[in-house]
Every structure is written in C-alpha cells, then in structure tokens.
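Trainee: Shown below is the structure under consideration.
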Amino acid sequence: MIQTLVNGAFLGCLFAVMAVGLTLVYGVMEVPNFAHAGVVVLAACTTWSATAAGLPFVLAALAGIACGGLVSVLTETAAYRWIVDKPAAAPAVALGLLLILQNTALRLYGGEGRSLDTPYDTVLLRFGGISLPGVKAALMVLAGLSLAALHLLLARTSLGRRMRAVAQDREAAAMLGIPLRRQYALAFLVAGLLAGVAAIAYAPTYQVSPYMADEVLLSAFVVVVLGGLGSVWGAVAGGLVLGVVESLGAAYVSSAYQSAFGFLMLVIVLVLRPTGLRSTNSRRVA
14 MIQTLVNGAF LGCLFAVMAV GLTLVYGVME VPNFAHAGVV VLAACTTWSA
64 TAAGLPFVLA ALAGIACGGL VSVLTETAAY RWIVDKPAAA PAVALGLLLI
114 LQNTALRLYG GEGRSLDTPY DTVLLRFGGI SLPGVKAALM VLAGLSLAAL
164 HLLLARTSLG RRMRAVAQDR EAAAMLGIPL RRQYALAFLV AGLLAGVAAI
214 AYAPTYQVSP YMADEVLLSA FVVVVLGGLG SVWGAVAGGL VLGVVESLGA
264 AYVSSAYQSA FGFLMLVIVL VLRPTGLRST NSRRVA
C-alpha cells in the first residue's frame, strides 16, 4: 500500500509540474495551451542531443530547460499574442502550434524513441520495505524545488504581483500601467521553464520521442480542471490527487485502465464540485 502511494506521489509530481505551467498561462491569457506538450518534446530532445554530444548531464539539463523557456516565449510572440482578444480562436491555434512543434521534432530527430541516460539511473533508494528508483526521487525533488521557486516568484516579487494582477483583472492592470505584453511573455517563459523541468524528469522514465508528452498532457488538463482553472496550488493538489488515484487504480484494479480512473474522478468532481477542488475566481493565479 505504501509503495503504491509513493508511486502515486511520483506521478502526481509529474502531473503537477505540467499542470502548473498550463494553469499559469490560462490564468493570465485564458489560452488552453496544447502546445505545451510540444515545448516538452523539444526540451527533451535538446537535453538528449546535448548528452549525446558529450556535455555533462547538468549542463544538458540546463540547456533543455532554457530551450523550453525560449520555445514557449516564441509561441506567445508568434501566435498567442495576436489572439488574446479572440478566445474562440485559441484552441485551434494551440492545436496548430502543437502539430508544428511535434513535426519540427520529428523532422530534426526522427520518430524513434531514444533513452535519456542520467547519473542516477542505477540508484535505488530503500526505506524499510519501500524502494524508490533514483530517477523518480530526482523528479520529486526537482518538482518540489521548481514549485517552491514559483511560489516565491508569485508571492514575493514585483514581477509575480504584476502577473497576478493581470490574471485577476486585465483591464484594471492596464489602467494601472502594467505592461500586459510583458506579463504574457513572462507567463509563457515561466511555463516553458517548467516544461523543461518536466521534460528532463519525464524523459528518463519514458523514451524521448515527438509524441512523448501527449498522454501526460491530457492528464495535466484533467489536473487543471480538478484544481480549479487558474489556481496554481489547486493544480499542485490536483496533480497529487490524480497521481495517487491512478496508482491505486492500477495496483488494485487493472493497469490497463490507469488513465481511465483519472477521467472518472474528473467526472465525479465536475458533478459534485464544478469549480474544482479549490474554487477560484476567473483567471486567478495564486
């Protein structure tokens, strides 16, 4: 039972890192950023290429995270910025960007899966009767540090306060002199850096390929809805809950329906609490 909960916590951390990037962008721009999965793919491919070229893993990981931030900002500058006042067009643009990014990865790296080797591949931590592979332990630590850094950014810095102001009331923030486009770019930058973190955490467990993030993207959107649209900490809570539910379902029912348990929980939550596990105001980032 405890081992199953630990496995669920690993899944939950992965879902949370993905979902926080999605909910951050949605809170600021009301964009369902499906292209987030493509950012993860390119960040993972960059990390793999850097390690294949002989760079130390730490430098390769930093290159992947930087790639995630850069690609994410480019999607905002090239596409999302022009549809901020046309929300009906956002899903189509987001899906188009996802296809462009995935096909870019396919063109550059091919369609076959590649393993991303890390220094902690052979590490196995044991606590009593619980075993935790080093790859999963690294993801949980990395997720915790990333989310803590995001909390400090949003709560303790002027940049974070401006971002929250734009999320809560875009028009009022503009009247107060807050540059909206700069906040949009910042939101996408932070989301892209989190996508890079998700990539270097996800790739060692699942192979690097152009479509590696599709399944986890769907789970992340489930988490965003569970946690309440625009709520960062709701996304964290939703990710952990979903990870545990899927892990328990796989262990005690059938692993063939692992993703289905999450969608079943989503239906139940939407019926009983339509605003999500943590109620928020529209476009709130907190």
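Each step along the sequence shown adds one to the number in the numbering used here, with nothing skipped, and position 60 is 73. From the three backbone atoms N, C-alpha and C, an ideal C-beta is built for every residue, glycine too.
1. Where residue 57 and residue 150 are concerned, what is the direct C-alpha to C-alpha distance, given to the nearest angstrom?
2. In angstroms, rounded to a whole number, what distance separates the CA positions of residue 35 and residue 231?
3. What does the alpha-carbon distance come out to for the pair residue 117 and residue 142?
4. What whole-angstrom Cβ distance do residue 275 and residue 235 have, given they're in contact under 8 Å?
5. Let's see if you can read the secondary structure: which residues bound the alpha helix (DSSP H) around residue 171?
6. In angstroms, rounded to a whole number, what distance separates the CA positions of residue 194 and residue 76?
7. When DSSP labels each residue in this structure, what does residue 139 get in the three-state scheme?
8. Using the three-state DSSP reduction, which class does residue 104 fall into: helix, strand or coil?
9. By Cβ distance, which residues of its chain are closer than 7 Å to residue 258, with the 5 residues on each side in sequence left out?
10. Closer than 6 Å by C-beta to residue 20: which residues in its own chain qualify, once you throw out the five before and the five after it? Chain order, please.
11. Name the DSSP beta bridge partners of residue 145, please?
Mentor: Straight from the coordinates:
1. 19 Å
2. 11 Å
3. So the two alpha carbons sit approximately 45 Å from each other.
4. 5 Å
5. 171 to 181
6. When rounded, the distance between both Cα atoms is 26 Å.
7. strand
8. DSSP places residue 104 in helix when its eight states are reduced to three.
9. 274, 275, 278
10. Take residue 20, set aside five residues on each side of it, and the residues of its chain with a beta-carbon closer than 6 Å to its own are 260, in chain order.
11. 138
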